[in-house]
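Peer 1: First the structure, then my questions, so here it is.
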Amino acid sequence: MDIIEIKDLTYRYPIADKDALKDVNLKVKKGEFCAIIGRNGGGKTTLCNVIRGFVPHFHKGDLKGEVFIDGKNISEYSIGELAMKVGFVFQNPFTQVSGVKETVFDEIAYGLENLGVHPDEIRTRVEKVIELINIGHLRDKNPTELSGGQRQRVALASIIVMEPDILVIDEPTSQLDPQGTEEVFEIIKLMKNEGKTIILVEHKIELIAEYADHVILMDEGKIVLDGSTKEILSNEEVMELGTTLPQYALLGLEMRKRGIEIKDIPITESQTEAQLKKLLGIKEDKRS
Numbered sequence: 001m002d003i004i005e006i007k008d009l010t011y012r013y014p015i016a017d018k019d020a021l022k023d024v025n026l027k028v029k030k031g032e033f034c035a036i037i038g039r040n041g042g043g044k045t046t047l048c049n050v051i052r053g054f055v056p057h058f059h060k061g062d063l064k065g066e067v068f069i070d071g072k073n074i075s076e077y078s079i080g081e082l083a084m085k086v087g088f089v090f091q092n093p094f095t096q097v098s099g100v101k102e103t104v105f106d107e108i109a110y111g112l113e114n115l116g117v118h119p120d121e122i123r124t125r126v127e128k129v130i131e132l133i134n135i136g137h138l139r140d141k142n143p144t145e146l147s148g149g150q151r152q153r154v155a156l157a158s159i160i161v162m163e164p165d166i167l168v169i170d171e172p173t174s175q176l177d178p179q180g181t182e183e184v185f186e187i188i189k190l191m192k193n194e195g196k197t198i199i200l201v202e203h204k205i206e207l208i209a210e211y212a213d214h215v216i217l218m219d220e221g222k223i224v225l226d227g228s229t230k231e232i233l234s235n236e237e238v239m240e241l242g243t244t245l246p247q248y249a250l251l252g253l254e255m256r257k258r259g260i261e262i263k264d265i266p267i268t269e270s271q272t273e274a275q276l277k278k279l280l281g282i283k284e285d286k287r288s
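If you count the sequence shown from 1, position 257 lands on 257 in UniProt numbering, and the numbers rise without skipping.
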C-alpha cells in the first residue's frame with residue numbers, strides 16, 4: 001500500500017523566477033525507508049516541506065498537482081491532523097529544541113501537552129520513547145546543555161512520542177560527528193522496525209546504502225532517478241548528477257572495467273565481502 005503518492009506536482013515559491021519542483025511523481029509504500037539524494041538546490045527540502053504540509057499551509061506560492069497521504073488529499077487535512085500523521089525533524093539540532101522546558105523529559109512531553117493529551121498518557125508515552133532510544137541518562141538534563149548529537153536524539157524522541165505514521169527527516173547528521181551520526185541512524189532503524197515510513201534527506205551515501213530500501217535522486221526540481229537502493233547506488237549516472245556512489249560500488253565498477261566479471265555491483269561491505277569470496281572461490285562458512 002502506498003502511504004505517500006505525489007502526482008504531477010509543480011511548485012514555485014512566491015516571487016521566485018523558476019519552479020522549485022517540476023512534474024514530480026512519487027510513490028512510497030507504507031513502512032518503506034526512502035532516501036532522497038542529490039546536490040544542493042535540487043528540491044529535496046522543498047519536497048519534504050510538501051509531504052509535511054508546510055507547502056501550501058505555510059509556504060504559499062503556485063502549486064499544481066496532487067499529494068495524497070494515506071489515501072487522503074493533503075489539502076483535506078488540517079495542520080493538527082498532519083502533525084499527528086507526519087513528523088518532521090529539521091536539519092539543525094540546535095533550533096529543534098523548544099527552549100521553554102528545563103528537562104529532556106519535559107521537552108519530549110511538550111508536543112503532547114499542547115495537544116491536550118492526558119498527563120498519565122503523556123508520562124507513559126514519554127517513558128516508552130526514552131527507553132526505546134536509550135536516553136534515560138539524559139532525562140533530567142537541560143536540553144540547552146546537550147551536545148549536537150544528544151539534541152538530535154531528543155528532537156527525534158519529541159517527534160516519535162507523537163506516534164506519527166511517517167517520519168520526514170531533513171539532513172539530521174549534517175552537524176554531527178561520526179558517533180552522533182551512528183546514534184541517529186540507529187534510532188531511524190528502530191523506527192523502521194516499528195513499521196514507520198521514513199523519508200530521509202541525507203548526503204552520507206554509505207549509510208543510505210546500508211539502511212534505505214528506496215532511493216530517489218533529485219536535480220533541478222525533478223526526480224531524475226527512482227528505484228531500489230541497490231539499483232540507484234550502483235548506477236554511474238548518479239556521479240554525472242553531482243552525487244557520489246558508495247566506495248564499495250566504486251570498487252565494483254572499477255573491477256568490472258578491468259575485466260573482472262562481477263554480476264551485481266555491491267554497495268555495502270557485506271555485499272562486497274560476498275562478491276570477493278565468490279570470485280576467489282571461498283565457500284561461505286555456514287556454521288553458527
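Cβ coordinates follow ideal geometry from the N, Cα and C atoms, glycine included.
All of these numbers come straight from a predicted model, not from anything done at the bench.
Return the CA-CA distance between Val168 and Ile262, expressed in angstroms with no decimal places.
Peer 2: By one-based count along the sequence shown, residue 168 stands at place 168. By one-based count along the sequence shown, residue 262 stands at place 262. Near 36 Å, if we compare the C-alpha coordinates of Ile262 and Val168.
Peer 1: Evaluate Val100 with the Cβ neighbour count: other Cβ atoms within 10 Å of its Cβ, from every protein chain shown; 16 or more gives buried, anything less gives exposed.
Peer 2: Position 100 of the sequence shown holds residue 100. It counts as exposed.
Peer 1: Per DSSP, which one or two residues make a beta bridge with Asp226?
Peer 2: Stepping through the sequence shown from its first residue, residue 226 is reached at position 226. Note: Asp226 sits in a beta bridge opposite Ile216.
Peer 1: Specify the secondary structure class of Phe90 as computed by DSSP and reduced to three states.
Peer 2: Residue mapping note: residue 90 aligns to position 90 of the sequence shown, counting from 1. Note: Phe90 maps to coil in three-state DSSP.
Peer 1: Where does Thr268 fall in DSSP's three states?
Peer 2: Counted from its first residue, the sequence shown places residue 268 at position 268. Note: Thr268 maps to coil in three-state DSSP.
Peer 1: In terms of residues, what are the limits of the alpha helix (DSSP H) holding Tyr211?
Peer 2: Here residue 211 refers to the residue found at position 211 of the sequence shown. That run of the alpha helix (DSSP H) goes Ile205 to Tyr211.
Peer 1: Can you tell me which residues form a DSSP beta bridge with Cys34?
Peer 2: Here residue 34 corresponds to residue number 34 of the sequence shown, with the count starting at 1. Ile199 and His214.
Peer 1: Using 8 Å as the cut-off, can you tell me whether the region 210 to 220 makes contact with the region 231 to 240, which would need three or more C-beta pairs spanning the two stretches below that distance?
Peer 2: Judged by Cβ distances under 8 Å, the region 210 to 220 makes contact with the region 231 to 240, as three or more pairs qualify.
Peer 1: Who pairs with Arg12 in a beta bridge, going by DSSP?
Peer 2: Here residue 12 is taken as the residue at index 12 of the sequence shown, counted from 1. According to DSSP, Arg12 bridges with Asp62.
Peer 1: If you run the structure through DSSP and keep just helix, strand and coil, what is Glu102?
Peer 2: For this step, residue 102 is matched to residue 102 along the sequence shown. Coil.
Peer 1: Shortest alpha-carbon distance to Asp70 belongs to which of Gly31, Val126, Glu186 and Ile216?
Peer 2: Numbered from 1 along the sequence shown, position 70 holds the residue referred to as residue 70. The option with the nearest alpha carbon to Asp70 is Gly31.
Peer 1: Would you report the Cα separation of Ser288 and Thr124, rounded to the nearest angstrom?
Peer 2: To locate residue 288, count along the sequence shown from 1; it is residue 288. To locate residue 124, count along the sequence shown from 1; it is residue 124. Below a pLDDT of 50, predicted positions are generally treated as unreliable, and Ser288, at 47, falls in that range; no measurement from the model is reported.
Peer 1: Report, in whole angstroms, the separation of the C-beta atoms of Asp170 and Cys48, which I expect to be a contact under 8 Å.
Peer 2: Reading the sequence shown from its first residue, position 170 is the one you call residue 170. Reading the sequence shown from its first residue, position 48 is the one you call residue 48. Contact flag correct, Cβ pair sits at about 5 Å.
Peer 1: Can you have a look at Gly180 and say buried or exposed, based on whether 16 or more other CB atoms are within 10 angstroms of its CB?
Peer 2: What you label residue 180 is simply residue 180 of the sequence shown in a count that begins at 1. Answer is buried; the Cβ neighbour count reaches 16.
Peer 1: Find the nearest neighbour of Asp19 within the set Ile51, Pro143 and Lys222, judged by alpha-carbon distance.
Peer 2: As a position in the sequence shown, residue 19 is number 19, starting the count at 1. Of the candidates Ile51, Pro143 and Lys222, the one whose C-alpha sits nearest the C-alpha of Asp19 is Lys222.
Peer 1: Could you give the residue range of the beta strand (DSSP E) that holds Leu241?
Peer 2: Counting from one through the sequence shown, the residue named residue 241 turns up at place 241. Taken as a continuous stretch (DSSP letters only), Leu241 belongs to no beta strand (DSSP E), as it is neither H nor E.
Peer 1: With burial defined as no fewer than 16 other Cβ atoms inside 10 Å of the residue's Cβ, what is the status of Arg256: buried or exposed?
Peer 2: By 1-based counting over the sequence shown, the position of residue 256 is 256. The residue is exposed, with fewer than 16 neighbouring Cβ atoms inside 10 Å.
Peer 1: In the structure shown, what three-state DSSP assignment does Ile108 receive?
Peer 2: Residue mapping note: residue 108 aligns to position 108 of the sequence shown, counting from 1. In the structure shown, Ile108 sits in a helix (DSSP, three-state: H, G or I).
Peer 1: Give the DSSP bridge partners of Asp2, in chain order.
Peer 2: Mapped onto the sequence shown, residue 2 falls at position 2. According to DSSP, Asp2 bridges with Lys29.
Peer 1: Considering only their Cβ atoms, is the gap separating Pro246 from Ile198 smaller than 8 Å?
Peer 2: Stepping through the sequence shown from its first residue, residue 198 is reached at position 198. Stepping through the sequence shown from its first residue, residue 246 is reached at position 246. It is not a contact, given that the beta carbons lie outside the stated cut-off.
Peer 1: Give every residue of the same chain whose Cβ lies closer than 8 Å to the Cβ of Phe105, excluding the five residues on either side of it in the sequence, and list them in chain order.
Peer 2: By one-based count along the sequence shown, residue 105 stands at place 105. Around Phe105: Val126, Ile130, Arg139 and Asp140.
Peer 1: What does Val168 pair with, by DSSP beta-bridge criteria?
Peer 2: Taking the first residue of the sequence shown as position 1, residue 168 is located at position 168. Its beta-bridge partners are Phe88 and Ile199.
Peer 1: Just list the residues that DSSP pairs His278 with in beta bridges.
Peer 2: Indexing the sequence shown from 1 puts residue 278 at position 278. The sequence shown places Lys at residue 278, rather than the His named in the question. Beta-bridge pairing links Lys278 to no other residue.
Peer 1: Starting from Gly148, trace the alpha helix (DSSP H) in both directions and tell me its first and last residue.
Peer 2: Stepping through the sequence shown from its first residue, residue 148 is reached at position 148. It spans Gly148 to Ile160 - the alpha helix (DSSP H) in which Gly148 sits, taken as one unbroken run.
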